[in-house]
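K.L.:
Sending over a structure as structure tokens; questions will come in a sec.
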Amino acid sequence: MFDYHVHSHFSADCDIQMEKMIQNALKKGIMEICFTDHIDFDYPDPDFIFEFDLQTYDQHIHQMREHYGQEIAIKKGVEIGIQPHLIDRYNEVLNEESFDFIICSMHSTAGYDLHSGKFFEGKTLNEAYETYYTELYYCIKSFKNYSVLGHLDLVKRYRYDQNVHHFLEVIEEILKTVITDGKGIEVNTSGYRSGLESGMPDMDILRLYKDLNGEIITIGSDSHTPDTLGYGYQKTVEQLKDIGFTYITTYEKQKPIFHKL
Ligand SMILES: [Zn+2]
Ligand SMILES: [Zn+2]
0 MFDYHVHSHF SADCDIQMEK MIQNALKKGI MEICFTDHID FDYPDPDFIF
50 EFDLQTYDQH IHQMREHYGQ EIAIKKGVEI GIQPHLIDRY NEVLNEESFD
100 FIICSMHSTA GYDLHSGKFF EGKTLNEAYE TYYTELYYCI KSFKNYSVLG
150 HLDLVKRYRY DQNVHHFLEV IEEILKTVIT DGKGIEVNTS GYRSGLESGM
200 PDMDILRLYK DLNGEIITIG SDSHTPDTLG YGYQKTVEQL KDIGFTYITT
250 YEKQKPIFHK L
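Using numbering that gives the first Met the number 0, the letters of the sequence shown correspond one by one to residues 0 to 260.
Written out as structure tokens, the structure is:
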């Protein structure tokens, strides 16, 4: 079991020590954990400053490897919150600092954060979805400094209606770009916890990714508390096998490593 999306006290929305996460991962039989703490520059909600000191983070990961490295593989990742005006800024940081794994997520669209609901105000759901996917596509056309796209259909977690248009045409373009660039997507199992019937992205998007010959997939719980580590892992593996995927991916120094399912 690999958990490739885990937060710790380095994230502004998490107060659990990295060590505690590791100890709980060990109890759950997780073989490899990748910390993906938040860097979300210019986050619209001023209550959250999603930044941390990169040197301290690096030192902390190294200390954890010294203590627990025999029992569990610990990877140094990051989850960045992309916005169109931040592409150069992220490139600067990511060219300077070495990470094993980078999740590119979009938590804010059109200058509003999805979490507080501000983004959805004054928009129909179709408009909100269209804006979200179009902006994500815009970003990844020029931003290439990442390993996988995080929770691709996140917009759905906050507002969902069966009748909403799913914008699979734009999503297809996004996935083609991901594949051409040698990147991947994650399955974020927090979807199950927030009432969706699947992880993020959903089965339709995963099938589309398979049809387009997408191969790189990581699985992550997006844990901000120790109890959710590894959540939904087996279920996700079974779903991926059903769709026809044969590998799951981990990363080292941003190089994908494939493991047979
Ligand atoms: Zn996220
Ligand atoms: Zn996250």
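For every residue, glycine included, the Cβ atom is placed at its ideal position computed from N, Cα and C.
The model shown is predicted, which means the values in this text are computed figures rather than measured ones.
#1: Three-state secondary structure (DSSP) at Cys33?
#2: Is Phe257 buried or exposed, if buried means 16 or more other CB atoms sit within 10 Å of its CB?
#3: Evaluate Ile48 with the Cβ neighbour count: other Cβ atoms within 10 Å of its Cβ, from every protein chain shown; 16 or more gives buried, anything less gives exposed.
#4: Looking at C-alpha atoms only, which residue of Val169, Lys26, Met30, Phe34 is the closest neighbour of Gln16?
#5: So within the region 144-216, which uninterrupted alpha helix (DSSP H) runs reach at least 4 residues, ignoring any that extend past its ends?
#6: Could you check what DSSP says for Leu111 in three-state terms: helix, strand or coil?
#7: Would you identify the three-state DSSP class for Ala11, choosing helix, strand or coil?
#8: Starting from Thr248, trace the beta strand (DSSP E) in both directions and tell me its first and last residue.
#9: So, using beta-carbon positions, are Asp36 and Gln82 closer together than 8 angstroms?
#10: In angstroms with no decimal places, state the Cα-to-Cα distance between Thr349 and Val169.
#11: Helix, strand or coil for Ser97, going by three-state DSSP, please let me know.
#12: Does any heavy atom of ligand 1 sit closer than 7 angstroms to the C-beta of Asp221?
P.N.:
Per the coordinate set shown:
#1: Per DSSP, reduced to three states, the secondary structure at Cys33 is strand.
#2: Exposed: under 16 other Cβ atoms inside 10 Å.
#3: Exposed is the call here.
#4: Considering only alpha carbons, the answer is Phe34.
#5: Counting only runs of 4 or more, we get 154-157, 167-179, 189-192, 202-210.
#6: In the sequence under discussion, the amino acid at residue 111 is Tyr, which differs from the Leu named in the question. Correct three-state label for Tyr111: strand.
#7: Per DSSP, reduced to three states, the secondary structure at Ala11 is coil, with no helix or strand assignment.
#8: Start and end: 246-251.
#9: Cβ distance not < 8 angstroms, so Asp36 and Gln82 don't count as in contact.
#10: The question about residue 349 has no answer here: the residues shown for the chain are numbered 0 through 260.
#11: DSSP, reduced to helix, strand and coil, places Ser97 outside both helices and strands of the structure shown, so it counts as coil.
#12: Correct: Asp221 has its Cβ closer than 7 angstroms to ligand 1.
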